[in-house]
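> In this note's numbering, the protein residues as written are -9 to 893.
Ideal placement from N, C-alpha and C gives every residue a C-beta, glycine not left out.
#1: Does the distance from the CB of residue 636 to the CB of residue 669 come in under 9 Å?
#2: Pull the bridge partners of residue 719 from the DSSP assignment, please.
#3: Does the structure place the region 168 to 184 close enough to the region 62 to 75 that three or more beta carbon pairs sit under 8 Å?
#4: So what's residue 688 in DSSP terms, helix, strand or just coil?
#5: For residue 592, which of 434, 492, 447, 378 has the nearest alpha-carbon?
#6: What number of angstroms, rounded off, separates the C-alpha of residue 771 from the C-alpha of residue 650?
#7: Using 8 Å as the Cβ pair cut-off and three pairs as the minimum, do the region 369 to 386 and the region 465 to 478 touch?
#8: Using the Cα positions of residue 768 and residue 737, report the straight-line distance between them to the nearest angstrom.
#9: Would you report the Cα separation of residue 779 and residue 827, rounded to the nearest angstrom?
#10: Quick check: the region 566 to 574 against the region 525 to 544, are there 3 or more CB pairs under 8 Å?
#11: For the region 608 to 619 against the region 508 to 521, are there 3 or more C-beta pairs whose distance is under 8 Å?
#12: Starting from residue 388, follow the alpha helix (DSSP H) in both directions and report where the run begins and ends.
#13: Helix, strand or coil for residue 641? Go by DSSP, reduced to three states.
#14: Can you tell me the Cα-Cα spacing of residue 482 and residue 460, whole angstroms?
#15: Closest to residue 355 by C-alpha separation, out of 41, 58, 458, would be which residue?
#16: Once you ignore the five residues that flank residue 506 on each side, which residues in its own chain have a CB closer than 7 Å to its CB?
#17: In the DSSP assignment, find the beta strand (DSSP E) that holds residue 503 and state where it starts and stops.
#18: So the beta strand (DSSP E) residue 296 belongs to, where does it begin and stop?
#19: Just confirm the distance between the C-beta atoms of residue 688 and residue 813, as a whole number of angstroms; I'd bet it's less than 8 Å.
#20: Would you call residue 662 buried or exposed, if buried means 16 or more other Cβ atoms sit within 10 Å of its Cβ?
#21: By Cβ distance, which residues of its chain are closer than 7 Å to residue 742, with the 5 residues on each side in sequence left out?
#22: Whose C-alpha, out of 529, 533, 502, 511, is nearest the C-alpha of residue 520?
#23: So what's residue 247 in DSSP terms, helix, strand or just coil?
#24: If you draw a straight line from the C-alpha of residue 524 to the C-alpha of residue 499, how long is it?
#25: For residue 276 and residue 328, what's the separation of their Cα atoms in angstroms?
#26: Taking the runs of the beta strand (DSSP E) that are 3 residues or longer, which of them lie wholly in the region 472 to 558?
#27: Per DSSP, what are the beta-bridge partners of residue 108 in this structure?
#28: So, using beta-carbon positions, are residue 185 and residue 157 closer together than 9 Å?
#29: So is residue 64 buried or exposed if we call it buried at 16+ other beta carbons inside 10 Å?
#30: Along the chain, where does the beta strand (DSSP E) containing residue 461 start, and where does it finish?
#31: Would you give the residue range spanned by the alpha helix (DSSP H) that residue 783 belongs to?
#32: What does the alpha-carbon distance come out to for the pair residue 560 and residue 576?
#33: Can you tell me the Cα-Cα spacing of residue 786 and residue 633, whole angstroms?
#34: Here's a check: name, in chain order, each residue in its chain whose Cβ is nearer than 7 Å to the Cβ of residue 774, leaving out the five neighbours to either side.
#35: If you reduce the DSSP assignment to three classes, tell me which class residue 587 lands in.
#36: Tell me, which residues are paired with residue 366 by DSSP?
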């Protein structure tokens, strides 16, 4: 109010000052008018009055405007002070107790009344403190009165006076004299209440605080702190027991704490020894800690540590723990040995896979998620003819397709751009779901290239991202498949045209394949066979047509359906007689793929022919026996009179009954020659009959082969001389001995030489040779005669077969073959018409016990034997007619030769 009055008078004074000049001006105008004497003084007075009135009005307006401005200013100040007061009250209301403020003077202090203090504080504090008032107090009393009445009689516990004053006395002294106090009062139930009295300006304030309320409000903070402390303690205990090595450093990078895992890794006796000796896991870890401390951020590294005899790889992490410059650091060592090993194995596996891909013939190309080529094998490079430089720049998949198209290596689709988009669609299509970039593939495609090759193209998403494309050259496969299909068709056509019924059963016993003959032989329903029935169903159908064939059908079932090795043996042809009279032969053959081939043949006609042949063979065998018996009987019956003729002829030749003339001697010589020839023929017939009857035994003994050949050549020398044919012996001296029947082999050689001389004209040559070849003795007689036709060669070794004018009875070669076979050997004839005949006998060397037939293509030995006297070519005789003496001499030599041969 004082400030307002001052402002009012100031405005009034200013207004007076502003009016004075107007009056002075009016007075000066009036004086001037009086002086000039022309103006009426009344008018001048009236003008002055008007001027004074105007000035008064202007002054009034000015004073009113100043008053309005001052009112507005103080209204704003009042609002600001009220806002501050509300903020102060709000702050005091947040106090966990009560604040009582008295504004009256000490005269209002009474023994019974507490006055009207202003109450500040929270409702919870007021309610808590009102719980100390007694229940018998008046309900109409004010809350402050109820509270102070309950607490006023309680002494202050912290008062240093000998006799503690009550709260009422403390408040009275505070209000009357401004004596501040502070302490605790204890309620009858033992609760302690904090009280604090102070003078604040012209006011008195009493602070009453219930610790229970404060604890209730601070409980959340304390609980959170305790939880954090518990968590911190648990984390520390967890780190202490963790298998991961952990540590903490101070600002000097010294170890101040480590866990037990750290001590175990460095193989220290205890954690204290690690701290005392400052044992580091690795010397490089301290450098990581220094870098982390200087950069104020976590720093990582790797360390290879040998712990307890094992090489372990750790990932080291050093982290600053506080923000100040000398902050400590914490570190952990994570064992990544298995991870490192897995990465190494993965890298090695990838490299091995790449090396493996380089060895296969399928071209493989792997493109990344950006469609760039990241890997290809050699087959891919060779397939398309790329050089290494063209593929080393991480080329794009689409660029590779464009380059191949320009070079004429790709098939030409109708719309290349659409075709190209379909080739690259796997990069983008179907990627809506998470992880789908690693799944999916595209159907295989067949590319028919312009150069005639056929490729199978397979595309799929790579597990590491991108697309993998494989190109397989199936040109040969397609060609082979076409040939195979053609062959299968040919085989089916062949099987369907066979007279033999064929059925193939798979490993599980179901019918896989059959021909028409099988269906016709057994008269089975085609619909049944097309349903691929089991062998049991087929056998049941077959049994209806056969009689007494259960054993054969059971064997067939076991061969087809059994898994036993003993049962899956080839089944030889077994005869089954059907109810309609037919006879079928069945057999099985296991196939390599586990299937079984069953074959059925109608042998009804064959059985009939066999029966007829057996009957005919019996008749022939009987006739042959009768023939052999007849020949044997006749031969023996002829030998007796022949012996008589030979005996008397020899007596006549010996001139035992008188001297013979030359003609008589020629006749006797002819008789003797014919008799000996007849005797030889009879002996050959007897030998042939004995061999056929199996009654001829060999007398085997060791015989020198060269000596045998020389003796045979000596005996044949006379025949060679008579026929004017040269005889050669081709046998090495060291050919050695062999265990043979020399008598029968001599007979073989005589027969061969006789035939050779008979079919060789004058001037020709006959060679008698022998060699050892592959464990056998090879003996041959070759001539340069007229040779034999293929037809004659086919019958040359048949008995009683002879051709030509000089042919004999046809027993010589037949006996040769039979005598050689008795030695377990064989005979071969080589002849060309007009170029002679070569007959070779192969005799197994019995001394070496070798009975296998050796190859007849063994190389001949180069060594040539020394010629014998018999090898010298016979002198040519004059074609003139021989004299009787010459004929007699020749006949005697012939007789002597035959006699020696027979012996």
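The answer reads as follows:
#1: Contact: yes.
#2: Per DSSP, 758.
#3: The region 62 to 75 vs the region 168 to 184: no contact.
#4: Note: residue 688 maps to coil in three-state DSSP.
#5: Measuring C-alpha to C-alpha distances from residue 592 to each of 434, 492, 447, 378 identifies 492 as the nearest.
#6: Rounded to the nearest angstrom, the gap between the Cα atoms of residue 771 and residue 650 is 41 Å.
#7: Look at the beta carbons and you see the region 369 to 386 not touching the region 465 to 478: under three pairs across the two are nearer than 8 Å.
#8: Distance between the alpha carbons of residue 768 and residue 737 is about 16 Å.
#9: When rounded, the distance between both Cα atoms is 10 Å.
#10: The region 566 to 574, when compared against the region 525 to 544, does touch it at the 8 Å Cβ threshold.
#11: Contact check between the region 608 to 619 and the region 508 to 521: fewer than three CB pairs, one atom from each, fall below 8 Å, which does not count as touching.
#12: In the DSSP assignment, residue 388 falls within the alpha helix (DSSP H) that extends over 387 to 396.
#13: Three-state result, residue 641: helix.
#14: Computed Cα separation, rounded: 36 Å.
#15: Of the candidates 41, 58, 458, the one whose C-alpha sits nearest the C-alpha of residue 355 is 458.
#16: Around residue 506: 486.
#17: Residue 503 -> beta strand (DSSP E) spans 501 to 504.
#18: Per DSSP, residue 296 is one residue of the beta strand (DSSP E) stretching across 289 to 297.
#19: Residue 688 to residue 813, Cβ: 7 Å. Contact.
#20: It counts as buried.
#21: Non-local beta-carbon contacts of residue 742 in its own chain, meaning distances under 7 Å to residues more than five positions away in sequence, involve 771, 806, 829 in chain order.
#22: Nearest C-alpha to residue 520: 502.
#23: It is a strand residue.
#24: Note on geometry: alpha-carbon atoms of residue 524 and residue 499 lie some 5 Å from one another.
#25: The straight-line gap from Cα to Cα measures roughly 25 Å.
#26: Counting whole runs of 3 or more residues, the region 472 to 558 contains the beta strand (DSSP E) stretches 491 to 495, 501 to 504.
#27: Checking the DSSP bridge columns, you'll see residue 108 partnered with 91.
#28: Contact flag set, yes.
#29: Result: exposed.
#30: Boundaries of the beta strand (DSSP E) harbouring residue 461: 457 to 463, taken from the DSSP string.
#31: Annotation: the continuous alpha helix (DSSP H) that includes residue 783 extends over 780 to 785.
#32: In a straight line, the C-alpha of residue 560 is about 11 Å away from that of residue 576.
#33: Those two C-alpha atoms are separated by around 31 Å.
#34: 750, 754, 755, 826.
#35: Annotated three-state conformation of residue 587 is strand, per DSSP.
#36: Its beta-bridge partners are 355.
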